[in-house]
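As structure tokens, the structure follows; a few thoughts come after it.
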DNA sequence: TCATATAATGAAAATGGTTTTCAATTTCCG
DNA sequence: CGGAAATTGAAAACCATTTTCATTATATGA
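Spelled out as structure tokens, the structure:
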């Protein structure tokens with residue numbers, strides 16, 4: 185069982201940001217708290233709203249900048265969906281992919297996608313060199329059924 | 185060998201649009217010609233520029249509306265990439281996925297992704313019901329190596 | 001073939017999300 | 001504690017996309 189990216193605690197995230205050379209300001213801590221404690225992909229405005237519940241003078245611009253820091257520190261990743269591509273969610277440790285509930289937006293990570301056979305076959309047929317892949321599953325979670 | 189979505193000719197696309205109830209206007213035909221004759225994911229502005237080379241008074245707004253028609257007719261699909269998600273490309277027939285060159289943007293479709301074992305395992309572990317998936321490969325094409 | 005209802009067009013304006021600018025504030029290192 | 005430098009928030013700028021609306025073009029039925 186791989187580590188659950190949603191159970192990582194705030195302190196670890198903050199020390200990771202610290203190691204990346206960020207100043208641990210109040211607004212950045214608030215955005216980090218929101219992102220580390222949520223299992224859904226959140227848009228910048230959603231982060232903004234959740235953040236202001238904790239720290240009312242948080243600015244939307246700062247949310248954008250903080251998400252950028254979290255993303256380049258590898259703590260958060262962008263999520264692409266049919267409805268839009270401006271969602272951010274806690275990034276997995278190692279090689280994992282997302283499974284997203286189409287009803288409530290809740291997400292899980294899963295491992296063990298072995299597509300190496302597929303990749304070799306596609307490489308042989310297309311004469312491309314494959315460098316990476318995106319795989320995402322969509323469905324309905326237990327409580328939404 | 186599945187049919188190559190890039191080799192479908194213009195006439196077929198136009199009759200498909202006709203069957204969908206669209207009026208075959210000059211601007212729509214131009215956008216259709218651009219989209220059916222290109223192997224790269226094109227942004228609306230790129231379509232606009234390529235289209236005006238054929239039909240100078242084409243408007244950008246019409247490009248957006250035409251892409252929407254092509255998309256709902258299933259002839260074109262949106263492409264999601266790290267650099268942005270506003271690309272459109274000829275849609276595959278049946279179940280196929282994209283392989284995109286990171287250098288030149290050229291794309292190929294491939295078939296034969298069998299992820300049913302993976303899906304059953306993930307369903308059992310997560311208690312989600314999986315309804316669909318996204319799979320996309322990234323690499324370097326033959327001429328870019 | 002022609003007339004006509006109506007879908008489609010293009011230009012301008014509106015919209016909405018994201019980025020830039022900049023002066024004021026906060027952090028953190030010495 | 002002091003001060004250099006990163007960070008912040010507000011306003012403005014920016015850019016892609018959508019809406020509005022008067023005009024034009026298409027397809028259909030007389």
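Chains as they are written, first to last, in this note's numbering: chain E, 185 to 329; chain D, 185 to 329. Quick reminder that beta carbons are idealized off the backbone N, C-alpha and C, glycines included. In this text, all values refer to a predicted model and were calculated from it rather than measured experimentally.
Open item on the list: Distance check for residue 257(E) and residue 200(E), CA to CA, integer angstroms please.
Closed with: 7 Å
TODO: Examine chain E for any beta-carbon lying closer than 8 Å to the beta-carbon of residue 314(D), and answer yes or no.
DONE: yes
Open item on the list: Which residues does DSSP list as the beta-bridge partners of residue 317(E)?
Closed with: 321(D)
Open item on the list: DSSP three-state label for residue 275(D), please.
Closed with: coil
Task: Given residue 247(D) as reference, the closest of 269(D), 219(D), 293(D) and 223(D) once Cα atoms are compared - done: 219(D)
Open item on the list: Quick check: the Cα distance between residue 209(D) and residue 315(E), rounded to an integer number of angstroms?
Closed with: 42 Å
Task: Length of the line joining the Cα atoms of residue 304(E) and residue 221(D) - done: 28 Å
Task: In chain order, each beta strand (DSSP E) run of at least 3 residues that lies wholly inside the region 229-310 of chain E - done: 260-265, 268-274, 281-285 and 291-294
TODO: Could you please give the first and the last residue of the uninterrupted alpha helix (DSSP H) stretch that includes residue 213(E)?
DONE: 210-220
Task: Partners in chain E for residue 252(D), counting only beta-carbon separations shorter than 8 Å - done: Correct list: empty, because the minimum Cβ distance to chain E is about 14 Å.
Task: Residue-level contact to chain D via CB, residue 318(E), 8 Å cutoff - done: yes
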